[in-house]
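**Q** Provided herewith is a single structure, encoded as structure tokens, for subsequent inquiry.
Residue numbers (mature numbering (1 follows the signal peptide of the UniProt record, and there is no 0)): -17 to -1, 1 to 176.
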């Protein structure tokens, strides 16, 4: 009976310690020399209420390119820790389309993080420090008006077992401005062959 009670107590302590909504990890890091990696236990959707929102909004028209700087929620990891973008997914909020996933792939001097018929997201490098990354977002010439969300997932450099942080980009694609386009100038083609 004592073994059962002890086992249950250890399981409860472990659950409290590793709970993303508890203070066990912070308590260990503050009061003991044993500091577990917070990225393993905390995810963007389970941030503590005192943390800021890591969401950015961007408006684009067909054929337009804009730069945007995203601040990533690294969940307590020091800002000078090298991280890399490992996945970008897109969710449409006004159409019943499932998520698309893309792994970063290098093309020339820039890294393309995400590409679909309407959109391309790229940056100078997949690795960065300081918790901030400047991206270029380009809408295709025939991009359809929509509202979608891009979720960017980062991982510590050299880590393979799931330590992640995130940032979110809310993207509005608007109809083209026909009156501002010089006559005879064609819109750029889409990104897919």
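Note that the Cβ used here is the ideal one computed from N, Cα and C, for glycine as well.
Roughly how many whole angstroms lie between the Cα atoms of residue 135 and residue 156?
**A** Position 152 of the chain shown, counting from 1, holds the residue named residue 135. Position 173 of the chain shown, counting from 1, holds the residue named residue 156. So the two alpha carbons sit approximately 18 Å from each other.
**Q** Taking 8 Å as the cut-off, decide whether the C-beta atoms of residue 54 and residue 41 are in contact.
**A** In the chain shown, the residue the question calls residue 54 occupies position 71. In the chain shown, the residue the question calls residue 41 occupies position 58. Not closer than 8 Å, so no.
**Q** First and last residue of the beta strand (DSSP E) that includes residue 178?
**A** Because the chain spans -17 through 176 in this model, residue 178 falls outside it and cannot be assessed.
**Q** Of the residues 108, 119, 127, -13, which one's Cα is nearest the Cα of residue 69?
**A** If you number the chain shown from 1, residue 69 lands on position 86. Nearest C-alpha to residue 69: 108.
**Q** Cα separation between residue 125 and residue -7?
**A** For the purposes of this step, residue 125 is taken as the residue at position 142 of the chain shown. For the purposes of this step, residue -7 is taken as the residue at position 11 of the chain shown. Spanning the two alpha carbons is a distance of roughly 55 Å.
**Q** Decide if residue 63 is buried, meaning its Cβ has at least 16 other Cβ atoms within 10 Å, or exposed.
**A** On the chain shown, position 80 is the one that residue 63 refers to. Residue 63 should be labelled exposed.
**Q** Taking the beta strand (DSSP E) that residue 134 belongs to, which residues open and close that run?
**A** As a working mapping, residue 134 is identified with position 151 in the chain shown. Element bounds for residue 134: 129 to 139.
**Q** So what's residue 106 in DSSP terms, helix, strand or just coil?
**A** Residue 106 sits at position 123 when you count from the first residue of the chain shown. Note: residue 106 maps to strand in three-state DSSP.
**Q** What are the boundary residues of the beta strand (DSSP E) that residue 96 is part of?
**A** As a first step, residue 96 is located in the chain shown; it is residue number 113 there, counting from the start. First-last of the beta strand (DSSP E) with residue 96: 93 to 98.
**Q** Using the C-alpha atoms, what's the distance from residue 121 back to residue 31?
**A** One-based indexing of the chain shown puts residue 31 at position 48. One-based indexing of the chain shown puts residue 121 at position 138. With a pLDDT of 39 at residue 31, under the threshold of 50, the modelled position of this residue cannot be trusted; read the value that follows with caution. So the two alpha carbons sit approximately 33 Å from each other.
**Q** Which residue from 65, 97, 58 puts its Cα closest to that of residue 74?
**A** On the chain shown, residue 74 is found 91 positions in, with the first residue counted as 1. Residue 97 is the option with its Cα nearest to residue 74.
**Q** Please report how far the alpha carbon of residue 116 lies from the alpha carbon of residue 150, in whole angstroms.
**A** Taking the first residue of the chain shown as position 1, residue 116 is located at position 133. Taking the first residue of the chain shown as position 1, residue 150 is located at position 167. Those two C-alpha atoms are separated by around 10 Å.
**Q** For residue -15 and residue 140, I'd like the C-alpha separation in whole angstroms.
**A** Your numbering for residue -15 matches position 3 in the chain shown. Your numbering for residue 140 matches position 157 in the chain shown. Distance between the alpha carbons of residue -15 and residue 140: 41 Å.
**Q** Quick one: residues in its chain with C-beta nearer than 7 Å to the C-beta of residue 49, no 5 flanking neighbours on either side, listed in chain order?
**A** As a first step, residue 49 must be located in the chain shown, where it is residue number 66. So the qualifying residues of the chain are 41, 43, 120.
**Q** Counting only the same chain and skipping the five closest in sequence on each side, list residues whose C-beta sits under 6 Å from that of residue 66.
**A** Taking the chain shown and counting its residues from 1, the one referred to as residue 66 is at position 83. 137, 139, listed in sequence order.
**Q** For residue -12, count the other beta carbons within 10 Å of its own beta carbon; 16 or more makes it buried, fewer makes it exposed. Which is it?
**A** Sequence index remark: in the chain shown, residue -12 carries index 6 (1-based). Flag for residue -12 reads exposed.
**Q** If you draw a straight line from the C-alpha of residue 93 to the C-alpha of residue 111, how long is it?
**A** One-based indexing of the chain shown puts residue 93 at position 110. One-based indexing of the chain shown puts residue 111 at position 128. Rounded to whole angstroms, residue 93 to residue 111 spans 13 Å at the Cα level.
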